[in-house]
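Right, one structure below, let's go through it.
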Ligand code: ADP
Ligand code: MG
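Numbering (the numbering used here), first residue to last: 1 to 367.
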């Protein structure tokens, strides 16, 4: 119910991205056009969608169907998914849907761009920690040592067979892939396409913390997307004003377990096999949605990029993340929260970021 209220308030409830704060419920909910909304569980998380206008209902229904289709292709816990076929092929080539081939190509590109901080072949290590099954454990170092050589995105091959057999994927011996760090972003790209096709000019979605805002709010103002305080689920470090954009957060507070007084979270540093300890507590990546994309074909876009980079830059830490942003190789902005109480915002969105009143964080702009 709280979730729905937030949607009506036009406050993007993004799990990780939004604490609803103290926005007054009564005034906002009663005025202006009401959105069509949809909420369901998929990809191991809650999906919230809202859209305005004539095409809204059809768009939300198509979006849910599309997300469920993607889950059935991309899940590695569903034994009949294409990802499961890839993971159990023992290194042999597997025919895949064009969308899966495109997503895997994008994943490999983002792995190379981040020097392996993002790596979908992290799967065996994620399993060793129990994050796939929810039966958590700290793996023995010798087990991790045996698994780490399997983590190498360079052995993921994606190609189109010359004999007309279509898109093919193969992994190295013993490898498996986990798309948990990129699938929701890809799903948000597909929703962008569906909103466009259905003439939805105003809407917003949160796919388990992967936010996409379409256009502006019906009253013409920007959508407000709150960035959760990693140290306190009831408050946020600030609010972003966004139109036609993706905003994706990765944080160590989103999935974790505790053992012997120590916390272990689900974002793994591929160089150690351990949960990343980079000094960051959350990373939010923001990028413009390319609404001019004229085609109806679903291709990985800015949503996919934001998801991959939120995971990768969390692993990299603030200094490397800032250097990566400054390199200009990809068009994005970011909000980093550090474990020593700082919030770092890149110049491109500094004007769109409103600090939380009375916050104990120190705010800095990355230039
Ligand atoms: P969330 O899924 O909570 O939104 P992320 O987008 O950061 O958070 O994805 C984390 C998930 O990605 C993990 O649960 C795991 O499946 C996978 N993963 C963990 N570490 C990495 C990594 N270094 N590169 C790619 N995927 C990862
Ligand atoms: Mg991610």
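Quick reminder that beta carbons are idealized off the backbone N, C-alpha and C, glycines included. Quick caveat, the model's predicted, so the values are computed rather than measured.
Could you give the residue range of the alpha helix (DSSP H) that holds residue i?
i, result
"residue 304", "302 to 316"
"residue 141", "141 to 147"
"residue 87", "82 to 87"
"residue 189", "183 to 197"
"residue 111", "98 to 113"
"residue 170", "From DSSP, residue 170 is part of no alpha helix (DSSP H) but of the beta strand (DSSP E) over 166 to 170."
"residue 348", "347 to 350"
"residue 123", "123 to 128"
Let me make sure I understand the geometry here. Which of the options has the alpha-carbon closest to that of residue i?
i, options, result
"residue 222", "244, 355, 233, 228", "244"
"residue 250", "121, 219, 285", "285"
"residue 167", "144, 366, 305, 96", "96"
"residue 171", "104, 184, 227, 113", "104"
"residue 188", "336, 300, 348, 274", "300"
"residue 148", "360, 128, 359", "128"
"residue 156", "81, 102, 253", "102"
"residue 315", "328, 338, 332, 144", "338"
"residue 332", "366, 77, 190, 232", "366"
"residue 260", "49, 137, 52, 108", "137"
"residue 227", "94, 352, 56, 57", "352"
"residue 347", "145, 326, 111", "326"
"residue 135", "257, 262, 304, 278", "257"
"residue 290", "252, 196, 94", "196"
"residue 68", "140, 274, 39", "39"
"residue 86", "146, 45, 66, 120", "120"
"residue 402", "235, 271, 252", "Lying before the first or after the last residue shown, residue 402 is absent from the chain, which here runs from 1 to 367."
"residue 36", "143, 324, 205, 122", "205"
"residue 51", "43, 61, 78", "61"
"residue 42", "356, 115, 75, 59", "75"
"residue 110", "276, 181, 230, 216", "181"
"residue 274", "231, 234, 141", "141"
"residue 313", "269, 154, 220, 350", "269"
"residue 154", "133, 146, 114, 139", "114"
"residue 336", "145, 282, 363, 278", "282"
"residue 66", "218, 99, 79", "99"
"residue 276", "126, 56, 81, 84", "126"
"residue 44", "57, 344, 55, 133", "133"
"residue 90", "112, 139, 79, 173", "173"
"residue 112", "324, 356, 358, 345", "324"
Between residue i and residue j, how many whole angstroms is the CB-CB distance? I'm expecting something under 8 Å.
i, j, result
"residue 47", "residue 207", "5 Å"
"residue 360", "residue 341", "7 Å"
"residue 214", "residue 199", "Not really, about 11 Å apart at Cβ, beyond 8 Å."
"residue 308", "residue 185", "7 Å"
"residue 118", "residue 255", "Rounded, the Cβ-Cβ distance is 17 Å, inconsistent with contact."
"residue 248", "residue 193", "Contact doesn't hold; Cβ gap of about 17 Å is too wide."
"residue 379", "residue 239", "Any property of residue 379 remains undetermined from this structure, which presents the chain solely from 1 to 367."
"residue 123", "residue 176", "4 Å"
"residue 241", "residue 224", "6 Å"
"residue 169", "residue 151", "Contact flag wrong, Cβ pair sits at about 17 Å."
"residue 106", "residue 272", "With a Cβ gap of about 25 Å, residue 106 and residue 272 do not count as contacting."
"residue 32", "residue 219", "6 Å"
"residue 311", "residue 349", "Wrong, their Cβ atoms sit about 19 Å apart, outside the cutoff."
"residue 211", "residue 63", "Rounded, the Cβ-Cβ distance is 14 Å, inconsistent with contact."
Name the two residues that bound the continuous beta strand (DSSP E) containing residue i.
i, result
"residue 75", "Note, residue 75: premise wrong, no beta strand (DSSP E); not H, not E."
"residue 238", "232 to 242"
"residue 157", "157 to 161"
"residue 421", "No answer is possible for residue 421: the residues shown for the chain start at 1 and end at 367."
"residue 250", "245 to 251"
"residue 40", "36 to 42"
"residue 425", "Here the chain has residues from 1 to 367 only, and residue 425 is not among them."
"residue 154", "Note, residue 154: premise wrong, no beta strand (DSSP E); not H, not E."
"residue 217", "Residue 217 -> no beta strand (DSSP E), and no H or E assigned at all."
"residue 265", "262 to 265"
"residue 367", "It is not in any beta strand (DSSP E) - residue 367 carries neither H nor E in the DSSP assignment."
"residue 394", "With the chain represented from 1 up to 367, any question about residue 394 goes unanswered, as that position is not in the structure."
"residue 224", "223 to 229"
"residue 259", "256 to 259"
"residue 205", "202 to 207"
Please confirm if residue i has its CB atom under 8 Å from at least one CB of chain B.
i, result
"residue 92", "Of the protein chains in this structure there is only one, and it is not chain B."
Under 7 Å, CB to nearest heavy atom of ligand 2: contacting residues: With 7 Å as the limit, the residues whose C-beta approaches a heavy atom of ligand 2 more closely than that are 181, 182, 185, 248, 250, 307, 308, 310, 311, in chain order.
Length-filtered (3 minimum) beta strand (DSSP E) runs lying within the stretch 323 to 349: Runs found: 333 to 338, 342 to 346.
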